[in-house]
Amino acid sequence: MKKIKRLNLPSQGRVIVISDIHGELNLFTNLLNNLNLRSEDYVIINGDLCEKGSNSKGTVRYIMDLSKRNTNVYVTEGNCDTVVEDLLKENPKLMNYISSRKHSILKEWLDEVRFELNEDTTVQEVKDILTQHFSHEIQWLMELPTAIETDDYIFVHAGLDDCEDWRETDRMSAITMPAFLEKSHRTGKYVIVGHWPVVNYFCDIPSNNPIVSEDKKIISIDGGNVIKSTGQLNAFIIHRTTNGDTFSHTYTDHHLTCEVVKGYLSDPIMSGSISYPNYELMPLQPSEHFTLCKQVGTNDLLYVKNEYIHQSEKGTYSAKTDLSCAQISVDIGDIISVVDSSCSGYDLIKKNGEEGWVPKDVLPVKQRGSIPVV
Ligand SMILES: [Mn+2]
C-alpha cells in the first residue's frame, strides 16, 4: 500500500476509534454526543463512511467538515468508500450497482442534482455530472490514507498481511480481507480494524462489542451497524496514560430501550449463535418455543427459536437470518433494548451489546406487544 499516514498521539488523553458508519449519520452524531467529545480528543474514523445506510452523502460531508475543522480528526479509507474510485475509472459495472442498490452515495448525489438515470445513461455521463458538482467530496475520499500508523497502533479498515513489512500489504487486501481476527500479523503494534462484524466470531453469547485480542495484538471493532439487524455503532476508546493505555467502549443503535421488571437467570445449555454463512440446520428435537438443531456447517448443537426456522420447498431447513441462540441473565432495573418481541414465549433482547432470549414476563407489559424485527 502506498497511502500510509504517520501520526504522533499525545501520551495522555482519549483516542476514539469508530468504523463502519455506513451512512448512519444520526447514530454517529448521537455517539459523539454520548462521548461528550472534547477538542483535545483524537478521533479516528476507520473506513466505510458511506453505502448501505440512508444518509451517505450527509455522513461524508459531516466527517469531511469535522476533519477540516478539527486537527485531531483522522480518517482511513474502507472498501465501500472506493466507490468514487470506480466512478473516476468509469467502471461499467457501476451502472448496475447504482440502479440495484437501495442506498449509495452516488445515487444520493444524482438525486440531489435531480438527474434521473435511464437505460441509456452511461457511466461516463454519471462521472461528468458528479465530478462537476461533488469534486471536493470525491477528491477528499480519493486521498484518504489506507492506514494510519502511530508508535503503538496501526489503524486500517480490514487487516494486514502476515509479512516482514506490513507496508507491503496490497491495498485492496488491507481494505477487504475477511475475518482478520482469525489471522495474524508481525507489526509489533496493536492493529485496529473494522469491516468484519465481530458478532461473526464465535462466542457463547453473541456480542457486538469490540474484541481486544492481547495475544494477537488485534482489536476488532465493527458492531455490525446496518449490516446486522441487531447491530450497533461502536466507539472504541483508548485512554492514554503515562502508566500505559487502557481501553473501553460505548455504542449507539436504533433499538428501543426499556427497564427489566423481573430478574431471570439464563439456562446455560442455551448458548451460541447462527451467523453468516452457516445458516443450514438439521432439526433434531422440536419443542414449543425452541427446536434443538444441528448446525450443518459447524456440527454445533443449538436451540433455535421456532419462528426463525425456514423450510425450503426441497424440505431443507435454514435460519432466516443471523440469530442468537443464547439466553441471557437480567436483573430488575437493567436497561436493555428490545430486538424482537413478536415471537411466542420469549423476547430477543440486547444487554450491554450482548444478544439473547428472555421469557416475556421479564419486560414491562407495554413492551410485550409486537414490535417488528428491525
Ligand atoms: Mn468494509
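Numbering-wise (the numbering used here), the sequence shown opens with residue 16 and increments by one. Every residue, glycine too, gets a C-beta built ideally from N, C-alpha and C. This one's a predicted model, so the numbers in the text were calculated from it and none came from an experiment.
If you check the CB distance, lysine 67 and glycine 38 come in under 8 angstroms.
The continuous alpha helix (DSSP H) containing isoleucine 113 extends over residues 108-115. Counted as a single uninterrupted DSSP element, the stretch harbouring glutamate 322 is not any alpha helix (DSSP H), since DSSP gives it neither H nor E. Annotation: the continuous beta strand (DSSP E) that includes glutamate 369 extends over 369-374.
With fewer than 16 other Cβ atoms inside 10 Å of its own Cβ, methionine 187 counts as exposed. Going by C-alpha positions, glutamate 100 is about 40 angstroms away from lysine 366.
One alpha carbon belongs to serine 344, the other to glycine 287, and they sit about 15 angstroms apart. In the structure shown, glycine 239 falls within a strand segment according to DSSP collapsed to helix, strand and coil. When DSSP assignments are scanned along the region 51-108, the uninterrupted stretches of beta strand (DSSP E) that are 3 or more residues long and fall wholly within it turn out to be 57-61, 88-91. Put simply, the residues with a CB less than 5 angstroms from any heavy atom of ligand 1 are Asp63, Gly93, Asn94, His210, in chain order.
Pairwise C-beta distances place the region 284-302 in contact with the region 330-340, as three or more of them are shorter than 8 angstroms. DSSP, read as helix, strand or coil, puts asparagine 249 in strand. Counting along the chain, no beta strand (DSSP E) covers glutamine 27, and no H or E run does either.
The C-beta distance from isoleucine 31 to isoleucine 252 rounds to 5 angstroms, short enough to fall under 8 angstroms.
Secondary structure note for valine 138: its alpha helix (DSSP H) is the uninterrupted segment 138-148. Collapsing the DSSP output to three states places threonine 44 in a helix. Contact between the region 55-70 and the region 162-180 is present: 3 or more CB-CB pairs across the two stretches fall below 8 angstroms. Beyond the five residues adjoining it in sequence on each side, glycine 368 comes within less than 7 angstroms, by CB distance, of Ser222, Asn223, Asn224, Gln247, Tyr266 in the same chain, given in chain order. Inter-residue distance for asparagine 23 and arginine 255 is about 12 angstroms (C-alpha atoms, whole angstroms).
With respect to the C-alpha of proline 160, the residue from His270, Gly93, Glu370 having the closest C-alpha is Gly93. Only residues of its own chain outside the window of five on either side were considered, and among them Val213, Ser235 have a CB closer than 6 angstroms to the CB of isoleucine 226, listed in chain order. Straight across, the Cα-Cα distance linking glutamine 300 with glutamate 322 is about 15 angstroms. About 15 angstroms separates the Cβ atoms of alanine 250 and leucine 40, ruling out a contact at the 8 angstroms cut-off. The three-state reading of DSSP puts alanine 189 in helix, counting H, G and I together. Aspartate 362 is bridged by DSSP to Val373. Nearest neighbour of aspartate 260 by Cα position, chosen from Arg29, Met16, Thr137, turns out to be Arg29. When the Cα atoms are used, arginine 201 and valine 208 turn out to be separated by approximately 15 angstroms. One thing to note: valine 141 has its Cβ no nearer than 8 angstroms to the Cβ of isoleucine 169.
Residue state for aspartate 355 is assigned as strand, using DSSP reduced to three classes. Residues Ser344, Val345, Val373, Pro374, Val377 of the same chain have their beta carbon placed closer than 7 angstroms to that of tyrosine 279, with the five preceding and five following residues left out of the count. Assignment of methionine 16 by DSSP, reduced to helix, strand and coil, places it in the coil class. It is roughly 34 angstroms from the alpha-carbon of glycine 239 to the alpha-carbon of glutamine 139. About 5 angstroms separates the Cβ atoms of lysine 72 and isoleucine 120, confirming a contact at the 8 angstroms cut-off.
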